[in-house]
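Below is one structure; the comments refer to it alone.
Numbering (the numbering used here), first residue to last: 137 to 486.
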(Lines of atoms letter the chains of each structure in order from A; the text may use other names.)
(Lines give C-alpha, C1' and ligand atoms only; values in the text may rest on other atoms or scores of the structure.)
Protein backbone atom coordinates (compact mmCIF):
# COMPACT_ATOMS: atom_id res chain seq x y z
CA UNK A 137 0.00 0.00 0.00
CA UNK A 138 2.85 2.39 0.91
CA UNK A 139 6.36 1.97 -0.50
CA UNK A 140 9.17 4.35 0.43
CA UNK A 141 12.57 3.82 -1.20
CA UNK A 142 15.78 5.75 -0.55
CA UNK A 143 13.94 8.82 0.76
CA UNK A 144 16.10 11.81 1.71
CA UNK A 145 15.28 15.42 2.51
CA UNK A 146 17.79 18.24 2.79
CA UNK A 147 17.19 21.75 4.12
CA UNK A 148 20.19 23.71 2.89
CA UNK A 149 23.19 21.99 4.45
CA UNK A 150 21.06 20.09 6.98
CA UNK A 151 20.14 16.50 6.05
CA UNK A 152 16.85 15.96 7.91
CA UNK A 153 16.06 12.53 6.42
CA UNK A 154 18.70 10.18 5.06
CA UNK A 155 18.07 7.18 2.80
CA UNK A 156 14.87 5.97 4.48
CA UNK A 157 13.10 2.91 3.08
CA UNK A 158 10.09 0.98 4.36
CA UNK A 159 6.89 -0.70 3.16
CA UNK A 160 3.45 -0.84 4.77
CA UNK A 161 0.83 -3.33 3.64
CA UNK A 162 -2.91 -2.68 3.38
CA UNK A 163 -4.62 -2.95 6.77
CA UNK A 164 -1.45 -2.48 8.86
CA UNK A 165 -1.45 -0.08 11.81
CA UNK A 166 2.08 1.26 12.23
CA UNK A 167 3.51 3.25 15.11
CA UNK A 168 5.93 5.91 13.87
CA UNK A 169 8.25 6.93 16.69
CA UNK A 170 11.23 9.18 17.25
CA UNK A 171 12.48 12.03 19.45
CA UNK A 172 11.75 15.66 18.55
CA UNK A 173 13.73 16.65 15.48
CA UNK A 174 14.28 13.06 14.36
CA UNK A 175 12.55 13.58 10.99
CA UNK A 176 9.12 12.02 11.67
CA UNK A 177 7.04 15.03 10.64
CA UNK A 178 9.22 15.61 7.58
CA UNK A 179 8.62 12.05 6.39
CA UNK A 180 4.87 12.26 7.05
CA UNK A 181 4.65 15.58 5.19
CA UNK A 182 6.47 14.05 2.21
CA UNK A 183 4.10 11.06 2.26
CA UNK A 184 1.11 13.39 2.09
CA UNK A 185 2.62 15.59 -0.64
CA UNK A 186 2.91 18.67 1.60
CA UNK A 187 6.72 18.64 1.24
CA UNK A 188 8.92 17.79 -1.71
CA UNK A 189 11.68 15.21 -1.37
CA UNK A 190 15.33 15.74 -2.20
CA UNK A 191 15.68 12.21 -3.53
CA UNK A 192 14.02 8.80 -3.35
CA UNK A 193 10.61 7.47 -4.26
CA UNK A 194 7.23 7.41 -2.49
CA UNK A 195 4.32 5.33 -3.81
CA UNK A 196 0.78 5.23 -2.43
CA UNK A 197 -1.15 2.21 -3.72
CA UNK A 198 1.20 2.09 -6.71
CA UNK A 199 0.94 5.80 -7.55
CA UNK A 200 4.10 7.89 -7.32
CA UNK A 201 3.41 10.94 -5.14
CA UNK A 202 5.30 13.18 -7.63
CA UNK A 203 4.16 11.73 -10.96
CA UNK A 204 0.52 11.12 -9.98
CA UNK A 205 -0.12 13.52 -7.09
CA UNK A 206 -3.92 13.63 -7.40
CA UNK A 207 -4.33 9.85 -7.48
CA UNK A 208 -1.92 9.39 -4.57
CA UNK A 209 -3.37 12.16 -2.39
CA UNK A 210 -6.93 10.95 -3.01
CA UNK A 211 -6.00 7.82 -1.06
CA UNK A 212 -4.63 9.72 1.95
CA UNK A 213 -6.31 11.27 4.97
CA UNK A 214 -3.96 13.41 7.07
CA UNK A 215 -4.41 14.71 10.61
CA UNK A 216 -1.50 17.00 11.58
CA UNK A 217 -0.70 17.63 15.24
CA UNK A 218 -2.43 21.02 15.00
CA UNK A 219 -5.35 20.62 12.56
CA UNK A 220 -5.62 23.57 10.11
CA UNK A 221 -9.22 24.48 10.91
CA UNK A 222 -11.21 27.52 9.81
CA UNK A 223 -12.34 28.88 13.16
CA UNK A 224 -15.18 31.04 11.80
CA UNK A 225 -16.83 28.07 10.11
CA UNK A 226 -19.38 25.81 11.72
CA UNK A 227 -18.42 22.14 12.02
CA UNK A 228 -20.71 20.84 9.27
CA UNK A 229 -19.85 23.82 7.07
CA UNK A 230 -16.15 23.01 7.43
CA UNK A 231 -16.67 19.33 6.57
CA UNK A 232 -18.76 20.32 3.53
CA UNK A 233 -15.83 22.50 2.46
CA UNK A 234 -13.35 19.64 2.84
CA UNK A 235 -15.74 17.36 0.94
CA UNK A 236 -15.82 19.78 -2.01
CA UNK A 237 -12.06 20.35 -1.82
CA UNK A 238 -11.38 16.60 -2.08
CA UNK A 239 -13.94 16.19 -4.90
CA UNK A 240 -15.56 13.26 -3.11
CA UNK A 241 -18.04 11.16 -5.09
CA UNK A 242 -20.09 9.78 -2.16
CA UNK A 243 -23.52 11.34 -1.44
CA UNK A 244 -22.56 14.41 0.61
CA UNK A 245 -25.02 14.55 3.50
CA UNK A 246 -25.12 10.80 4.37
CA UNK A 247 -21.32 10.62 4.13
CA UNK A 248 -20.74 13.60 6.44
CA UNK A 249 -23.47 12.45 8.84
CA UNK A 250 -21.75 9.08 9.14
CA UNK A 251 -18.38 10.70 9.94
CA UNK A 252 -19.92 13.09 12.47
CA UNK A 253 -21.33 10.11 14.36
CA UNK A 254 -18.14 8.08 13.98
CA UNK A 255 -15.97 10.67 15.75
CA UNK A 256 -18.83 11.67 18.07
CA UNK A 257 -19.19 15.34 17.11
CA UNK A 258 -22.72 15.15 15.67
CA UNK A 259 -23.96 17.04 18.75
CA UNK A 260 -21.80 20.09 17.86
CA UNK A 261 -22.29 20.01 14.07
CA UNK A 262 -24.01 23.41 14.11
CA UNK A 263 -21.50 25.20 16.35
CA UNK A 264 -18.66 27.51 15.36
CA UNK A 265 -15.30 25.75 15.54
CA UNK A 266 -13.73 28.65 17.47
CA UNK A 267 -16.22 28.06 20.30
CA UNK A 268 -15.28 24.40 20.70
CA UNK A 269 -12.85 22.98 23.24
CA UNK A 270 -9.40 21.84 22.08
CA UNK A 271 -10.52 18.22 22.30
CA UNK A 272 -13.51 18.80 20.05
CA UNK A 273 -11.36 20.73 17.57
CA UNK A 274 -9.04 17.72 17.41
CA UNK A 275 -12.04 15.54 16.59
CA UNK A 276 -13.13 17.94 13.84
CA UNK A 277 -9.64 17.60 12.35
CA UNK A 278 -9.98 13.80 12.56
CA UNK A 279 -13.36 14.02 10.81
CA UNK A 280 -11.76 16.08 8.02
CA UNK A 281 -9.12 13.39 7.53
CA UNK A 282 -11.86 10.77 7.13
CA UNK A 283 -13.74 12.65 4.42
CA UNK A 284 -13.69 10.57 1.23
CA UNK A 285 -12.98 7.33 3.14
CA UNK A 286 -9.25 7.30 2.23
CA UNK A 287 -7.35 4.02 2.19
CA UNK A 288 -4.44 5.52 4.15
CA UNK A 289 -4.69 7.54 7.37
CA UNK A 290 -1.66 9.46 8.64
CA UNK A 291 -2.26 10.62 12.19
CA UNK A 292 0.22 12.91 13.94
CA UNK A 293 -0.49 13.04 17.70
CA UNK A 294 -4.26 12.44 17.24
CA UNK A 295 -5.07 12.49 20.98
CA UNK A 296 -3.37 15.80 21.85
CA UNK A 297 -5.68 17.87 24.06
CA UNK A 298 -8.15 15.06 24.72
CA UNK A 299 -9.24 13.99 28.18
CA UNK A 300 -8.71 10.36 29.29
CA UNK A 301 -12.20 9.28 28.22
CA UNK A 302 -11.79 10.86 24.78
CA UNK A 303 -8.33 9.28 24.39
CA UNK A 304 -9.84 5.83 24.92
CA UNK A 305 -12.63 6.60 22.42
CA UNK A 306 -10.15 7.75 19.75
CA UNK A 307 -7.91 4.75 20.47
CA UNK A 308 -10.89 2.42 19.96
CA UNK A 309 -11.81 4.30 16.78
CA UNK A 310 -8.28 3.84 15.41
CA UNK A 311 -8.53 0.15 16.23
CA UNK A 312 -11.80 -0.16 14.29
CA UNK A 313 -10.50 1.88 11.34
CA UNK A 314 -7.39 -0.31 11.23
CA UNK A 315 -9.48 -3.24 10.05
CA UNK A 316 -10.12 -1.55 6.69
CA UNK A 317 -7.48 1.19 6.47
CA UNK A 318 -3.72 1.46 6.49
CA UNK A 319 -2.74 3.71 9.40
CA UNK A 320 0.48 5.49 10.33
CA UNK A 321 0.23 6.75 13.90
CA UNK A 322 2.76 9.09 15.47
CA UNK A 323 2.48 9.74 19.20
CA UNK A 324 4.67 10.50 22.21
CA UNK A 325 2.31 8.43 24.36
CA UNK A 326 4.02 5.09 23.84
CA UNK A 327 1.38 3.11 25.74
CA UNK A 328 -1.06 4.33 23.11
CA UNK A 329 1.20 3.06 20.31
CA UNK A 330 1.60 -0.31 22.02
CA UNK A 331 -2.17 -0.63 22.48
CA UNK A 332 -3.15 -0.19 18.82
CA UNK A 333 -0.07 -0.80 16.64
CA UNK A 334 1.13 -4.22 15.52
CA UNK A 335 4.46 -2.85 14.31
CA UNK A 336 6.65 0.14 15.12
CA UNK A 337 9.15 2.10 13.04
CA UNK A 338 11.64 4.08 15.13
CA UNK A 339 13.55 6.90 13.50
CA UNK A 340 16.50 8.77 14.99
CA UNK A 341 18.60 11.54 13.44
CA UNK A 342 16.88 11.08 10.10
CA UNK A 343 17.47 7.33 9.84
CA UNK A 344 15.36 4.28 10.64
CA UNK A 345 16.95 2.46 13.57
CA UNK A 346 14.26 -0.21 14.06
CA UNK A 347 11.31 -1.69 12.17
CA UNK A 348 9.62 -4.60 13.93
CA UNK A 349 6.95 -5.53 16.46
CA UNK A 350 7.39 -4.09 19.95
CA UNK A 351 7.66 -7.65 21.32
CA UNK A 352 10.49 -8.61 18.97
CA UNK A 353 12.42 -5.41 19.68
CA UNK A 354 12.08 -5.95 23.43
CA UNK A 355 13.30 -9.52 23.05
CA UNK A 356 16.31 -8.55 20.94
CA UNK A 357 17.42 -5.73 23.24
CA UNK A 358 16.83 -7.45 26.56
CA UNK A 359 19.02 -10.08 28.20
CA UNK A 360 16.42 -10.68 30.91
CA UNK A 361 14.02 -13.51 29.99
CA UNK A 362 12.77 -14.02 33.56
CA UNK A 363 9.19 -14.00 34.82
CA UNK A 364 7.96 -12.35 38.01
CA UNK A 365 5.25 -14.22 39.94
CA UNK A 366 3.46 -13.08 43.10
CA UNK A 367 1.87 -16.01 44.94
CA UNK A 368 -0.17 -16.19 48.13
CA UNK A 369 1.03 -19.15 50.19
CA UNK A 370 4.06 -20.67 51.85
CA UNK A 371 7.33 -19.22 50.55
CA UNK A 372 9.36 -22.42 50.86
CA UNK A 373 6.60 -24.63 49.46
CA UNK A 374 6.14 -22.48 46.35
CA UNK A 375 9.89 -22.10 45.89
CA UNK A 376 10.26 -25.87 45.63
CA UNK A 377 7.08 -26.24 43.55
CA UNK A 378 8.17 -23.70 40.94
CA UNK A 379 11.51 -25.47 40.49
CA UNK A 380 9.64 -28.53 39.21
CA UNK A 381 7.82 -26.68 36.42
CA UNK A 382 8.92 -27.86 32.97
CA UNK A 383 11.17 -25.33 31.25
CA UNK A 384 12.24 -23.57 34.48
CA UNK A 385 15.98 -23.09 34.86
CA UNK A 386 16.08 -21.41 38.30
CA UNK A 387 13.85 -19.73 40.91
CA UNK A 388 14.67 -17.05 43.47
CA UNK A 389 12.44 -15.52 46.12
CA UNK A 390 12.28 -11.75 46.59
CA UNK A 391 10.54 -12.18 49.92
CA UNK A 392 7.13 -11.04 51.13
CA UNK A 393 5.75 -8.08 49.19
CA UNK A 394 2.26 -8.00 50.66
CA UNK A 395 0.49 -9.78 53.49
CA UNK A 396 0.78 -13.54 52.96
CA UNK A 397 2.20 -13.23 49.42
CA UNK A 398 5.73 -13.64 48.07
CA UNK A 399 7.42 -12.57 44.83
CA UNK A 400 9.51 -15.06 42.85
CA UNK A 401 11.84 -14.41 39.92
CA UNK A 402 11.68 -17.44 37.59
CA UNK A 403 14.39 -17.90 34.97
CA UNK A 404 13.32 -20.07 31.98
CA UNK A 405 15.41 -22.35 29.85
CA UNK A 406 16.47 -20.76 26.55
CA UNK A 407 13.49 -20.08 24.30
CA UNK A 408 10.87 -21.40 26.77
CA UNK A 409 7.62 -19.54 27.50
CA UNK A 410 6.81 -20.78 30.98
CA UNK A 411 3.90 -18.51 31.94
CA UNK A 412 1.09 -20.97 31.24
CA UNK A 413 2.95 -23.81 32.95
CA UNK A 414 3.61 -21.67 36.04
CA UNK A 415 -0.04 -20.68 36.21
CA UNK A 416 -1.23 -24.28 35.93
CA UNK A 417 1.18 -25.53 38.60
CA UNK A 418 0.28 -22.80 41.12
CA UNK A 419 -3.46 -23.36 40.63
CA UNK A 420 -3.05 -27.15 40.90
CA UNK A 421 -1.49 -26.61 44.34
CA UNK A 422 -4.54 -24.64 45.44
CA UNK A 423 -2.58 -21.38 45.72
CA UNK A 424 -3.54 -17.92 44.46
CA UNK A 425 -1.49 -16.34 41.70
CA UNK A 426 -1.77 -12.58 42.26
CA UNK A 427 0.68 -11.41 39.59
CA UNK A 428 2.47 -12.96 36.62
CA UNK A 429 4.48 -10.90 34.15
CA UNK A 430 7.67 -11.12 32.15
CA UNK A 431 10.55 -8.74 32.73
CA UNK A 432 11.17 -7.83 29.10
CA UNK A 433 11.77 -4.21 28.19
CA UNK A 434 8.76 -1.93 27.79
CA UNK A 435 8.30 0.03 24.57
CA UNK A 436 9.47 3.13 26.47
CA UNK A 437 12.71 1.36 27.42
CA UNK A 438 13.20 0.09 23.86
CA UNK A 439 12.68 3.63 22.54
CA UNK A 440 15.22 5.10 24.98
CA UNK A 441 17.79 2.41 24.16
CA UNK A 442 17.47 3.03 20.42
CA UNK A 443 17.45 6.84 20.55
CA UNK A 444 19.65 7.50 23.60
CA UNK A 445 23.37 7.64 24.26
CA UNK A 446 23.79 3.90 23.71
CA UNK A 447 21.79 3.86 20.47
CA UNK A 448 24.76 2.75 18.33
CA UNK A 449 25.27 -0.33 20.49
CA UNK A 450 21.54 -1.14 20.35
CA UNK A 451 21.44 -0.71 16.57
CA UNK A 452 24.38 -3.08 16.18
CA UNK A 453 22.58 -5.69 18.30
CA UNK A 454 19.43 -5.47 16.15
CA UNK A 455 21.41 -5.61 12.91
CA UNK A 456 23.49 -8.51 14.17
CA UNK A 457 20.34 -10.55 14.87
CA UNK A 458 18.99 -9.75 11.40
CA UNK A 459 22.23 -10.79 9.71
CA UNK A 460 22.33 -14.04 11.68
CA UNK A 461 18.75 -14.90 10.69
CA UNK A 462 19.55 -14.17 7.04
CA UNK A 463 22.61 -16.43 7.03
CA UNK A 464 20.67 -19.27 8.66
CA UNK A 465 17.97 -19.14 6.00
CA UNK A 466 20.50 -19.04 3.16
CA UNK A 467 22.49 -22.01 4.45
CA UNK A 468 19.32 -24.04 4.94
CA UNK A 469 18.15 -23.26 1.41
CA UNK A 470 21.51 -24.21 -0.07
CA UNK A 471 21.55 -27.57 1.74
CA UNK A 472 18.03 -28.62 0.73
CA UNK A 473 17.68 -27.20 -2.77
CA UNK A 474 21.24 -26.71 -3.95
CA UNK A 475 20.51 -23.01 -4.37
CA UNK A 476 21.00 -20.06 -2.07
CA UNK A 477 17.79 -18.19 -1.34
CA UNK A 478 18.01 -14.44 -0.78
CA UNK A 479 14.64 -14.34 0.97
CA UNK A 480 15.04 -13.77 4.70
CA UNK A 481 12.74 -14.82 7.52
CA UNK A 482 11.73 -11.21 8.12
CA UNK A 483 10.65 -10.92 4.47
CA UNK A 484 8.54 -14.07 4.79
CA UNK A 485 6.76 -12.65 7.83
CA UNK A 486 5.98 -9.42 6.04
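Where a beta carbon is used, it is the ideal one built from N, C-alpha and C, also for glycine.
Beta-carbon contacts of residue i that lie in its chain and below 6 Å, excluding the five residues immediately before and after
i	result
residue 407	none
residue 427	366
Cβ-based burial, residue i [other Cβ within 10 Å; buried from 16]
i	result
residue 471	Per-residue confidence for residue 471 stands at a pLDDT of 43, beneath the threshold of 50, marking its modelled position as unreliable; the derived number appears in the next sentence. By the neighbour-count rule (16 or more Cβ atoms within 10 Å), residue 471 is not buried but exposed.
residue 180	buried
residue 242	exposed
residue 328	buried
residue 312	exposed
residue 235	buried
residue 404	buried
residue 314	buried
residue 223	exposed
residue 395	exposed
residue 392	exposed
residue 443	buried
residue 382	exposed
residue 253	exposed
residue 295	buried
residue 245	exposed
residue 384	buried
residue 332	buried
Own chain, CB closer than 7 Å to residue i, minus 5 neighbours either side, in chain order
i	result
residue 141	157, 192, 193
residue 153	143, 144, 145, 175, 178, 179, 342
residue 347	158, 337
residue 371	389, 398
residue 334	164, 165, 349
residue 368	396, 397, 423, 424, 426
Option nearest residue i by Cα separation, candidates the options
i	options	result
residue 256	302, 294, 266, 295	302
residue 355	223, 254, 432	432
residue 168	340, 405, 363, 384	340
residue 240	276, 266, 398, 280	280
residue 217	322, 331, 353	322
residue 190	166, 286, 333, 147	147
residue 364	370, 376, 380, 388	388
residue 162	188, 195, 186	195
residue 139	436, 149, 261, 164	164
residue 186	214, 434, 331	214
residue 413	437, 378, 422	378
residue 326	201, 435, 335	435
residue 380	200, 428, 418	418
residue 238	430, 352, 151, 285	285
residue 297	331, 206, 269	269
residue 439	368, 353, 373	353
residue 173	316, 351, 151	151
residue 360	415, 259, 209, 409	409
residue 221	249, 202, 203, 275	275
Whether residue i touches residue j by CB criterion (8 Å)
i	j	result
residue 304	residue 362	no
residue 96	residue 247	For residue 96 there is no data in the structure shown, the boundaries of the chain being 137 and 486.
residue 160	residue 318	yes
residue 299	residue 271	yes
residue 320	residue 282	no
residue 290	residue 184	yes
residue 307	residue 219	no
residue 261	residue 211	no
residue 197	residue 287	yes
residue 423	residue 374	yes
residue 309	residue 441	no
Close beta carbons around residue i, own chain, < 8 Å, minus the five adjacent residues each side
i	result
residue 225	233, 264, 265
residue 171	340, 443
Residue i beta carbon near the ligand MG (any heavy atom closer than 7 Å)
i	result
residue 221	With respect to the ligand MG, the structure offers nothing, as it holds no ligand at all.
Going along the chain, which unbroken runs of the beta strand (DSSP E) with 3 or more residues stay wholly within the stretch 291-361?
-> 318-322, 335-340, 343-348
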